[in-house]
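Read through the structure below, which is laid out as C-alpha cells, and then see the notes.
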Amino acid sequence: MKFSRLFFLAVCSVLTLSAAVLFAAEDGQRVRPVKEEGAGPRVFLCTDLESVAGVLDSVNWCLEDGRNYEEARHLLMGEINAAVAGFFDGGASEVTVLSGHGAQALIPEELDERATMQRGTYPGTWPWRLDCGYDALAFLGQHAKAGTPYGHLTHTGNMGVIDRRVNGLSIGEYGQLALCAKEFGIPTIFSSGDAAMCDEAEALTPGVVTVAVKFGLNPDDGCREMTMEEYRRAKTSVVTLAPEAARKKIYAGAKEAVERLTKAPESFTYADNLEPPYVLETEYRPAEHGGEIRKERKEHPTSFSALMRM
Ligand SMILES: [Zn+2]
C-alpha cells in the first residue's frame, strides 16, 4: 500500500535522522538533512503565542493553566496553517514549525500534514537547529521586545527583563533568533504579530515581509519600577483582527515571502553592523532583586549563537 510504504520510509528516515543527530551530538557537529536537487526553500518557522490575533493577555491566554489557553492554542494553529499553506504555495519544499512558546503550545492533530513540528529543548538548543540546512527563517505570533511603547504583551524572554543588548544594540526575541540566522547566512523572510514587532523586524531585517494582526494601546517607559507580574498585566489592551482576517493576511504574506526569496534573495538583508566579539548584556527588574537592577553580562569571541547557548 502506498500509505504504509510511505509511512515506513518516513519512520525509517526519522530513525536514521535521530541516530545521526545523536551521533553527531557526540562530536559537536550538526546534521544537515539532504535537500533534493532543485527543491524549493526549506523554511524554519518560529512561533509564539502572545501576538496571535485574538489572544488578549498573558495570565488567561498564554499560561498553561490559563482559562483561555486552549482557545489560544487553536488560534495559534489556525495562523500556523495559514502560513504553512502560504509557504508551500509560494514554492517551499519543507516547513518546520518550532513550538517557541514552550513545548506544549502546538496541537499536533491540527497541524497541516505537509509541515513538521519541533518541540522541546535539549543540550545546546540554540540556534534551535537553524543550522541544519534551512534556507529561510520566519516568525509567527511574535511580539515586540520589552519596553516597546504600544506593543502588545511585550517582553524579552520573560517579563522580568527590562532590556537586552548585543554590542549595545537592543534586541528582543525576534533579534535573538534573527541574528543566529544571519550567522548561518540564512535570510529572515517573514514575521507576523503585533504592529510594534513589525517595526522592530523591519528595522533589523530590511526586506522582511511583515503582517500586523493587532496593535497594543498601552504606552511603555520601560516600567522599571514594576514587578514581573505587574509588567505581565501592563500591556494587555489591544485592537486585533478577527482570526480569519489575520489568517488571510498571513497566507498572502507567507506566499509573497517565499516567492521573493526565490526571485530576489538579495532583497532580504540585515541592518546591524555587529562584529565579534559579541557582548550580551541583560537588565532585570529591580523588584525581584532587592530593589537593584540586576545586570548580566556574557561574551563570546566569535559566535552569536554560541553566546546564546551560554
Ligand atoms: Zn515570546
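Residue 1 is where the sequence shown starts when you use the working numbering, and the numbers rise one by one after that. Don't be surprised by glycine CBs; every beta carbon is placed ideally from N, CA and C.
*Quick one, which of Y278, P265 and F215 has its alpha-carbon nearest H300's?*
Along the sequence shown, read from residue 1 onward, the residue named residue 300 stands at position 300. Of the listed residues, the one whose Cα sits closest to H300 is Y278.
*Cβ-based neighbour list, L6, same chain, cut-off 8 Å, excluding 5 preceding and 5 following*: Along the sequence shown, one-based indexing puts residue 6 at 6. Below a pLDDT of 50, predicted positions are generally treated as unreliable, and L6, at 38, falls in that range; the measurement from the model is reported next regardless. Excluding sequence neighbours, L6 sits near nothing in its chain.
*asked:* Taking 6 Å as the cut-off, is the beta-carbon of E173 closer than that to any non-hydrogen atom of ligand 1?
replied: To locate residue 173, count along the sequence shown from 1; it is residue 173. Yes, Cβ of E173 sits closer than 6 Å to a heavy atom of ligand 1.
*Where does T262 fall in DSSP's three states?*
Within the sequence shown, residue 262 is the residue found at index 262, counting from 1. If DSSP states are grouped into helix, strand and coil, T262 belongs with the helices.
*How many Å lie between G86 and H289 at the Cα?*
On the sequence shown, residue 86 is found 86 positions in, with the first residue counted as 1. On the sequence shown, residue 289 is found 289 positions in, with the first residue counted as 1. The alpha-carbon atoms of G86 and H289 are separated by roughly 45 Å.
*Heavy atom of ligand 1 less than 6 Å from the Cβ of D48, yes or no?*
As a working note, residue 48 is residue 48 in the sequence shown. Yes, the beta carbon of D48 sits closer than 6 Å to at least one heavy atom of ligand 1.
*Reduced DSSP category for D199 - H, G, I as helix; E, B as strand; rest coil*: Position 199 of the sequence shown, counting from 1, holds the residue named residue 199. The answer is helix: DSSP assigns D199 an H, G or I state.
*Assess, as a yes-or-no matter, whether the segment 179-196 is touched by the segment 156-163 under the definition of 3 or more beta carbon pairs within less than 8 Å.*
no
_Boundaries (first-last residue) of the alpha helix (DSSP H) holding R232_ = Taking the first residue of the sequence shown as 1, we reach residue 232 at position 232. Looking at the DSSP string, the run of the alpha helix (DSSP H) that includes R232 is M228 to R232.
*How many Å lie between Y251 and A83 at the Cα?*
If you number the sequence shown from 1, residue 251 lands on position 251. If you number the sequence shown from 1, residue 83 lands on position 83. Those two C-alpha atoms are separated by around 5 Å.
*asked:* So for I250, helix, strand or coil by DSSP?
replied: By 1-based counting over the sequence shown, the position of residue 250 is 250. If DSSP states are grouped into helix, strand and coil, I250 belongs with the helices.
*With K182 as the anchor, note down where its beta strand (DSSP E) starts and where it stops.*
Walking along the sequence shown from the start, residue 182 turns up at place 182. Here K182 belongs to no beta strand (DSSP E); instead the alpha helix (DSSP H) covers E173 to E183.
*Return the first residue and the last residue of the beta strand (DSSP E) that F215 is part of.*
Stepping through the sequence shown from its first residue, residue 215 is reached at position 215. It spans V209 to G216 - the beta strand (DSSP E) in which F215 sits, taken as one unbroken run.
_Among W126, P108, L98 and F184, the one whose alpha carbon lies nearest that of Q142_ = Working through the sequence shown from its first residue, we reach residue 142 at position 142. Ranking the options by Cα distance to Q142, first place goes to L98.
*Taking three-plus beta-carbon pairs below 8 Å as touching, is the segment 51-60 in contact with the segment 114-125?*
no
_Sequence-distant residues of its chain with Cβ nearer than 7 Å to S303 (five each side left out)_ = Taking the first residue of the sequence shown as 1, we reach residue 303 at position 303. Once the five neighbours on either side are set aside, the close Cβ partners of S303 are E183.
*If we count the other Cβ atoms within 10 Å of its Cβ and call it buried at 16 or more, is K235 buried or exposed?*
Position 235 of the sequence shown, counted from the start, is the residue given in the question as residue 235. Classification for K235: buried.
*Contact set for Q29: own chain, Cβ-Cβ below 6 Å, skip 5 residues either direction*: Residue numbering aside, residue 29 sits at position 29 when the sequence shown is read from its first letter. Bear in mind that the predicted position of Q29 carries a pLDDT of just 45, short of 50, making it too unreliable to give a figure here.
*List in chain order: all unbroken beta strand (DSSP E) runs of 3+ residues lying wholly within the segment 20-103.*
42-47 and 94-99
*Starting from A306, follow the alpha helix (DSSP H) in both directions and report where the run begins and ends.*
Residue mapping note: residue 306 aligns to position 306 of the sequence shown, counting from 1. Segment F304 to R309, the alpha helix (DSSP H) holding A306.
_Going by the DSSP bridge assignment, what does K295 pair with across the sheet?_
As a first step, residue 295 is located in the sequence shown; it is residue number 295 there, counting from the start. Its beta-bridge partners are E283.
*When the Cα atoms are used, what is the spatial distance from M310 to D221?*
By one-based count along the sequence shown, residue 310 stands at place 310. By one-based count along the sequence shown, residue 221 stands at place 221. About 29 Å.
*Evaluate the contact criterion for the segment 72-80 versus the segment 123-130: three or more CB pairs, one atom per stretch, below 8 Å.*
no
*asked:* Let me confirm a value: G38 is counted as buried when at least 16 other C-beta atoms fall within 10 Å, else exposed. Which label applies?
replied: Sequence index remark: in the sequence shown, residue 38 carries index 38 (1-based). Counting Cβ neighbours within 10 Å, G38 comes out exposed, since fewer than 16 surround it.
_Quick check: the Cα distance between L169 and R247, rounded to an integer number of angstroms?_
If you number the sequence shown from 1, residue 169 lands on position 169. If you number the sequence shown from 1, residue 247 lands on position 247. Those two C-alpha atoms are separated by around 32 Å.
*Measure the Cβ-Cβ separation of L241 and A53 and say whether it is below 7 Å.*
Here residue 241 refers to the residue found at position 241 when the sequence shown is read from its first residue. Here residue 53 refers to the residue found at position 53 when the sequence shown is read from its first residue. Against a cut-off of 7 Å, the Cβ pair of A53 and L241 comes out as a contact.
*From this set, R294, S93, E50 and G90, which residue's C-alpha is nearest A72's C-alpha?*
By one-based count along the sequence shown, residue 72 stands at place 72. Nearest C-alpha to A72: E50.
*Can you check the segment 106-176 for any beta strand (DSSP E) of at least 3 residues that lies completely inside it and give the ranges in chain order?*
116-118, 136-142 and 161-166
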